[in-house]
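Here the sequence shown stands for residues 80 to 195, numbered as in the numbering used here.
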Amino acid sequence: MGESKDYVSRSDELGNIHISEEVLAAISAAAALEVEGVSSLTNPSKKNAAKGVHIKLEEEKVVVAMSVLMAYGHTIPEMGRAVQEAVKNAIESMSGLEVAAVNVSVGGIVFPPKEQ
């Protein structure tokens, strides 16, 4: 772990587990993109879809902040809640860490292509 990456650590009876914040961001991005109505993240790079996801650890709990593009025709509050639940469930089930908050910003709306 000599690189400059940030890790979230948790201890159990067998020792310590260190999870890169990039891994938690990737889990968050994948979970959000599976939600109906989410078109994409607002700041993704082609190589790293989790680039627009920010992970913080506050009082031993994970706080996620992300911005998404929403597909036209979906309800923002419903889609936002679905993203929050999906991200929270994915992080907690895959990492065993507790999620304190998932803050979702809707950065734009994607309209379907016009038929010609």
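Beta carbons are placed, not taken as given, at the ideal position from N, Cα and C, and that holds for glycine.
task: For my contact list, Val-185 and Val-166 are in at a C-beta cut-off of 8 Å; report their separation, rounded to the angstrom.
output: Contact doesn't hold; Cβ gap of about 15 Å is too wide.
- prompt: Is it the case that the Cβ atoms of Lys-181 and Ser-107 are separated by a distance below 9 Å?
  reply: Here residue 181 is Val; the residue named in the question, Lys, does not match the sequence. In contact: Val-181 and Ser-107 (Cβ atoms closer than 9 Å).
task: Report the residue ranges of all beta strand (DSSP E) runs contained in full by the region 124-178; include only those spanning at least 3 residues, in chain order.
output: The qualifying runs are 132-137, 140-150.
query: Is it right to say Gly-159 is buried, meaning 16 or more other beta carbons lie within 10 angstroms of its own, or is it exposed?
result: buried
query: Under 9 Å, do Met-134 and Glu-100 count as touching if we go by C-beta distance?
result: It should be noted that the sequence gives Ile, not Met, for residue 134. If you check the CB distance, Ile-134 and Glu-100 come in under 9 Å.
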